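Colleague: Below you will find the structure I want to go over with you.
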Amino acid sequence: MTGLKKELASINSQQWTVLISLLALVNMVVLGGLVWILTIQSPGAFRRVLAQAPATRTPFPTFTATPTGLPPPTPIGTLVPTWTPSVTPTPQPTETPTETPIPSRTPIRATAVPVPTETPTPAYDYVGTMRQLTACENAGKHHIFAYVRDPAGTGIPGVKMRVHWEGGAGGEAILTTGTKMEDPGLADFAMFKGSYFIEVLDGVSQMIGPISPDIPLNELCPETDNGVANSLYHYSFEVIFTKVR
12 MTGLKKELAS INSQQWTVLI SLLALVNMVV LGGLVWILTI QSPGAFRRVL
62 AQAPATRTPF PTFTATPTGL PPPTPIGTLV PTWTPSVTPT PQPTETPTET
112 PIPSRTPIRA TAVPVPTETP TPAYDYVGTM RQLTACENAG KHHIFAYVRD
162 PAGTGIPGVK MRVHWEGGAG GEAILTTGTK MEDPGLADFA MFKGSYFIEV
212 LDGVSQMIGP ISPDIPLNEL CPETDNGVAN SLYHYSFEVI FTKVR
């Protein structure tokens, strides 16, 4: 057997082609011989074979079920599937996110910064005020009591003032502070009939006036029982000049 396998394995493709061709040729010769024998040598037998009818196939009997009035038999052993309820997953509660309150923004209000205003430069170096003395303050005098003071209210000595008057020939007088013991910024002037004006000469000064003792009215000082403490031609005035620049 092993030798046969080796022999078959040694056959190449060309030899296999020749071998197969020879086998096909032999088969054709054999078949041709059989046909020649049947048709030529025994023609009657061949015709009989062809003339025979094919065998009739006996049909199988048909079974007809006879109704008996009974219900059809119930199959035994048929398993009815048991319904298994499907588990519906219970949805987990959704956590509601807690909103973090956004801090309200406090509007920043712009604070108006006051614009510094320039202090107007005074028109005068000295500004003045005038006051009439009461009957008890005056006690029958007829003077101008003129004071010159700094912004703190301290009297300034050595300041010159000019008093001038109208009526008759007119005239003027120069006063200098610091000659009175009561106040270093004080100077006084005695008036008579007429109107008087006073101003500071050491700088630009306001003019105070008219100042006049010509008041036809008697005023009593109850403290001294002086009935002419203030009377015609016997009135006095206080004038205060304040240095502002």
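The sequence shown begins at 12 in my numbering and counts up one residue at a time.
Note that beta-carbon positions come from the ideal geometry of N, C-alpha and C, so glycine has one too.
Just so you know, these numbers come straight off a predicted model, no measurement behind them.
Which of the three DSSP states is assigned to Gln26 in this structure?
Modeller: Position 15 of the sequence shown holds residue 26. Helix.
Colleague: In its own chain, which residues sit with a C-beta less than 6 Å from the C-beta of Ile226, not counting the 5 before and 5 after it?
Modeller: For the purposes of this step, residue 226 is identified with residue 215 of the sequence shown, where counting begins at 1. The residues are Tyr246.
Colleague: Here's a check: name, in chain order, each residue in its chain whose Cβ is nearer than 6 Å to the Cβ of Ala223, leaving out the five neighbours to either side.
Modeller: Translated into the one-based positions of the sequence shown, residue 223 becomes position 212. The identity of residue 223 in the sequence shown is Ser, whereas the question assumes Ala. Result list for Ser223: Ser206, in chain order.
Colleague: With Gly166 and Pro195 assumed to form a contact (beta carbons below 8 Å), what rounded beta-carbon distance in angstroms separates them?
Modeller: As a position in the sequence shown, residue 166 is number 155, starting the count at 1. As a position in the sequence shown, residue 195 is number 184, starting the count at 1. Confirmed, about 4 Å.
Colleague: Quick check on DSSP: helix, strand or coil for Leu212?
Modeller: Numbered from its first residue, the sequence shown carries residue 212 at position 201. DSSP places Leu212 in coil when its eight states are reduced to three.
Colleague: Kindly provide the ranges of any alpha helix (DSSP H) runs that are 4 or more residues long and lie completely inside the region 116-195, ordered along the chain.
Modeller: The region 116-195 contains these whole alpha helix (DSSP H) runs: 146-149.
Colleague: Among the candidates Val170, Gly238, Val159, whose CA atom is the shortest distance from the CA of Asn149?
Modeller: Residue numbering aside, residue 149 sits at position 138 when the sequence shown is read from its first letter. Of the listed residues, the one whose Cα sits closest to Asn149 is Gly238.
Colleague: When DSSP builds the beta bridges, which residues end up paired with Ala275?
Modeller: Nothing in the structure corresponds to residue 275, since the chain is present only between 12 and 256.
Colleague: Between the Cα of Val215 and the Cα atoms of Thr187, Leu197, Phe252, Phe203, which residue gives the shortest distance?
Modeller: Here residue 215 is taken as the residue at index 204 of the sequence shown, counted from 1. Per the Cα distances, Phe252.
Colleague: Between Gly208 and the rest of its own chain, which residues show a CB-CB distance below 6 Å, the 5 nearest in sequence each way excluded?
Modeller: For the purposes of this step, residue 208 is taken as residue 197 along the sequence shown, with counting starting at 1. According to the sequence provided, residue 208 is Phe. The question's Gly does not apply to it. Taken in chain order, the residues that qualify are His175, Met218, Gly220.
Colleague: Once you ignore the five residues that flank Thr140 on each side, which residues in its own chain have a CB closer than 6 Å to its CB?
Modeller: Counting from one through the sequence shown, the residue named residue 140 turns up at place 129. The residues are Ile251.
Colleague: Could you tell me if Met39 is buried or exposed, where buried requires 16 or more neighbouring beta carbons within 10 angstroms of its beta carbon?
Modeller: Sequence index remark: in the sequence shown, residue 39 carries index 28 (1-based). It is exposed - the Cβ of Met39 has fewer than 16 other Cβ atoms within 10 Å.
Colleague: Between which residues of its own chain and Asp136 is the CB-CB distance below 6 Å, once the five residues before and five after are set aside?
Modeller: Position 125 of the sequence shown, counted from the first residue, corresponds to residue 136. Cβ within range, chain order: Gly214, Val215, Arg256.
Colleague: Going by alpha carbons, who is nearest to Thr235 out of Gly43, Thr145, Phe203, Val41?
Modeller: Residue 235 sits at position 224 when you count from the first residue of the sequence shown. Residue Thr145 is the option with its Cα nearest to Thr235.
Colleague: Are Ala198 and His154 touching if we call contact CB-CB under 8 Å?
Modeller: Translated into the one-based positions of the sequence shown, residue 198 becomes position 187. Translated into the one-based positions of the sequence shown, residue 154 becomes position 143. Cβ distance not < 8 Å, so Ala198 and His154 don't count as in contact.
Colleague: Thinking C-beta only, is Asn241 closer than 8 Å to Glu230?
Modeller: Working through the sequence shown from its first residue, we reach residue 230 at position 219. Working through the sequence shown from its first residue, we reach residue 241 at position 230. Yes, Cβ-Cβ distance for Glu230 and Asn241 is below 8 Å.
Colleague: Distance check for Glu210 and Glu177, CA to CA, integer angstroms please.
Modeller: The count along the sequence shown starts at 1 and reaches residue 177 at position 166. The count along the sequence shown starts at 1 and reaches residue 210 at position 199. Roughly 15 Å separates the two Cα atoms.
Colleague: In three-state DSSP terms, what is Val255?
Modeller: Residue 255 sits at position 244 when you count from the first residue of the sequence shown. Correct three-state label for Val255: coil.
Colleague: My assumption, with CB atoms under 8 Å, is that Gly169 sits in contact with Gly189. Please give the rounded CB distance.
Modeller: Numbered from its first residue, the sequence shown carries residue 169 at position 158. Numbered from its first residue, the sequence shown carries residue 189 at position 178. About 5 Å separates the two Cβ atoms, so the contact holds.
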